[in-house]
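Each remark here refers to the structure printed beneath this line.
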Amino acid sequence: MDNHLNPHQQDAFIEDALRSQPLAPMPRDITANVMAQIQAVPAPRPFQVTWNDFAIALVISVCIGAVWFSILNLPPFALAQIRMQSILLYQDFIVNARWIVPAVLFGLAAILSAMTIPYLRRQLAN
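When we follow our numbering, the leftmost residue of the sequence shown carries the number 1216, and every step to the right adds one.
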(Lines of atoms letter the chains of each structure in order from A and count residues from 1; the text may use other names and numbers.)
(Lines give C-alpha, C1' and ligand atoms only; values in the text may rest on other atoms or scores of the structure.)
Protein backbone atom coordinates (compact mmCIF):
# COMPACT_ATOMS: atom_id res chain seq x y z
CA MET A 1 0.00 0.00 0.00
CA ASP A 2 0.97 3.61 -0.37
CA ASN A 3 2.76 4.87 2.71
CA HIS A 4 1.29 8.34 2.24
CA LEU A 5 -2.20 7.18 3.12
CA ASN A 6 -3.53 7.69 6.59
CA PRO A 7 -5.07 4.71 8.43
CA HIS A 8 -8.60 5.84 7.58
CA GLN A 9 -7.85 5.85 3.83
CA GLN A 10 -6.14 2.46 4.08
CA ASP A 11 -9.19 1.03 5.85
CA ALA A 12 -11.44 2.51 3.16
CA PHE A 13 -9.40 0.84 0.39
CA ILE A 14 -9.49 -2.51 2.20
CA GLU A 15 -13.25 -2.27 2.75
CA ASP A 16 -13.76 -1.39 -0.92
CA ALA A 17 -11.69 -4.40 -2.03
CA LEU A 18 -13.63 -6.71 0.31
CA ARG A 19 -16.96 -5.50 -1.06
CA SER A 20 -16.05 -5.40 -4.77
CA GLN A 21 -14.01 -8.61 -5.18
CA PRO A 22 -15.87 -11.93 -5.53
CA LEU A 23 -15.69 -14.35 -2.64
CA ALA A 24 -13.53 -17.42 -3.15
CA PRO A 25 -14.97 -20.76 -2.09
CA MET A 26 -13.51 -22.21 1.09
CA PRO A 27 -11.22 -25.20 0.51
CA ARG A 28 -12.69 -28.50 1.68
CA ASP A 29 -9.56 -29.64 3.50
CA ILE A 30 -9.08 -26.47 5.57
CA THR A 31 -10.45 -28.09 8.72
CA ALA A 32 -8.03 -31.01 8.45
CA ASN A 33 -5.10 -28.64 7.84
CA VAL A 34 -6.01 -26.46 10.80
CA MET A 35 -6.52 -29.46 13.09
CA ALA A 36 -3.18 -30.92 11.98
CA GLN A 37 -1.44 -27.66 12.90
CA ILE A 38 -3.21 -27.52 16.27
CA GLN A 39 -2.24 -31.09 17.13
CA ALA A 40 1.36 -30.54 15.98
CA VAL A 41 2.01 -27.93 18.68
CA PRO A 42 3.93 -29.60 21.50
CA ALA A 43 2.48 -29.49 25.00
CA PRO A 44 4.18 -27.05 27.36
CA ARG A 45 6.72 -28.52 29.73
CA PRO A 46 5.44 -29.02 33.26
CA PHE A 47 6.93 -26.95 36.08
CA GLN A 48 10.09 -28.53 37.43
CA VAL A 49 12.00 -27.82 40.61
CA THR A 50 15.75 -27.76 40.00
CA TRP A 51 18.70 -28.29 42.34
CA ASN A 52 19.26 -24.52 42.39
CA ASP A 53 15.79 -24.09 43.88
CA PHE A 54 16.62 -26.58 46.61
CA ALA A 55 19.95 -24.88 47.33
CA ILE A 56 18.37 -21.42 47.57
CA ALA A 57 15.62 -22.74 49.84
CA LEU A 58 18.20 -24.45 52.06
CA VAL A 59 20.36 -21.30 52.37
CA ILE A 60 17.35 -19.10 53.16
CA SER A 61 16.03 -21.54 55.77
CA VAL A 62 19.47 -21.83 57.43
CA CYS A 63 19.73 -18.01 57.56
CA ILE A 64 16.27 -17.67 59.10
CA GLY A 65 17.10 -20.42 61.60
CA ALA A 66 20.38 -18.71 62.55
CA VAL A 67 18.64 -15.37 63.12
CA TRP A 68 15.91 -17.07 65.17
CA PHE A 69 18.48 -19.00 67.26
CA SER A 70 20.56 -15.87 67.91
CA ILE A 71 17.50 -13.86 68.98
CA LEU A 72 16.40 -16.59 71.39
CA ASN A 73 19.88 -16.85 72.93
CA LEU A 74 20.62 -13.15 73.50
CA PRO A 75 21.51 -12.23 77.09
CA PRO A 76 18.81 -10.32 79.02
CA PHE A 77 20.95 -7.16 79.19
CA ALA A 78 21.22 -7.06 75.36
CA LEU A 79 17.47 -7.54 75.05
CA ALA A 80 16.90 -4.62 77.44
CA GLN A 81 19.30 -2.45 75.41
CA ILE A 82 17.54 -3.35 72.14
CA ARG A 83 14.14 -2.60 73.68
CA MET A 84 15.37 0.76 75.03
CA GLN A 85 16.86 1.75 71.66
CA SER A 86 13.68 0.77 69.83
CA ILE A 87 11.58 2.94 72.18
CA LEU A 88 13.94 5.89 71.69
CA LEU A 89 13.88 5.43 67.92
CA TYR A 90 10.08 5.28 67.91
CA GLN A 91 9.85 8.46 70.03
CA ASP A 92 12.34 10.25 67.78
CA PHE A 93 10.33 9.28 64.73
CA ILE A 94 7.05 10.49 66.28
CA VAL A 95 8.57 13.82 67.37
CA ASN A 96 10.18 14.52 64.00
CA ALA A 97 7.38 13.10 61.84
CA ARG A 98 5.49 16.37 61.33
CA TRP A 99 7.07 16.81 57.90
CA ILE A 100 6.14 13.32 56.69
CA VAL A 101 2.43 13.93 56.04
CA PRO A 102 2.94 16.96 53.75
CA ALA A 103 5.91 15.29 52.03
CA VAL A 104 3.89 12.14 51.32
CA LEU A 105 0.90 14.11 50.06
CA PHE A 106 2.98 16.36 47.79
CA GLY A 107 4.93 13.35 46.55
CA LEU A 108 1.70 11.50 45.76
CA ALA A 109 0.39 14.57 43.93
CA ALA A 110 3.61 14.79 41.90
CA ILE A 111 3.44 11.11 40.95
CA LEU A 112 -0.22 11.32 39.92
CA SER A 113 0.33 14.47 37.89
CA ALA A 114 3.37 12.92 36.18
CA MET A 115 1.22 9.95 35.23
CA THR A 116 -1.67 12.12 34.01
CA ILE A 117 0.11 14.81 31.97
CA PRO A 118 1.14 12.54 29.03
CA TYR A 119 -2.42 11.22 28.74
CA LEU A 120 -3.83 14.77 28.72
CA ARG A 121 -1.29 15.84 26.09
CA ARG A 122 -2.37 13.00 23.80
CA GLN A 123 -6.03 13.82 24.33
CA LEU A 124 -5.52 17.52 23.58
CA ALA A 125 -3.38 16.78 20.50
CA ASN A 126 -6.18 14.78 18.83
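We put the beta carbon where it would ideally sit given N, CA and C, even for glycine.
Given the structure is predicted, the values throughout are model-derived calculations rather than measurements.
The beta carbon of Leu1335 sits closer than 7 Å to none of the beta carbons in its chain outside the five residues before and after it. Here Ala1295 carries a helix assignment [DSSP, helix/strand/coil]. Leu1238 is not a Cβ neighbour of Phe1228, given a cutoff of 9 Å. Phe1269 sits in a helix when the DSSP states are folded into three classes. Rounded to whole angstroms, the separation of the alpha carbons of Ile1302 and Val1264 is 44 Å. Secondary structure note for Ala1312: it is in no alpha helix (DSSP H), with a DSSP letter that is neither H nor E.
In the structure shown, the three-state DSSP call for Ala1258 is coil. For Leu1233, the uninterrupted alpha helix (DSSP H) run begins and ends at 1222-1235, by DSSP.
Taking 9 Å as the cut-off, the Cβ atoms of Ile1297 and Leu1289 count as close.
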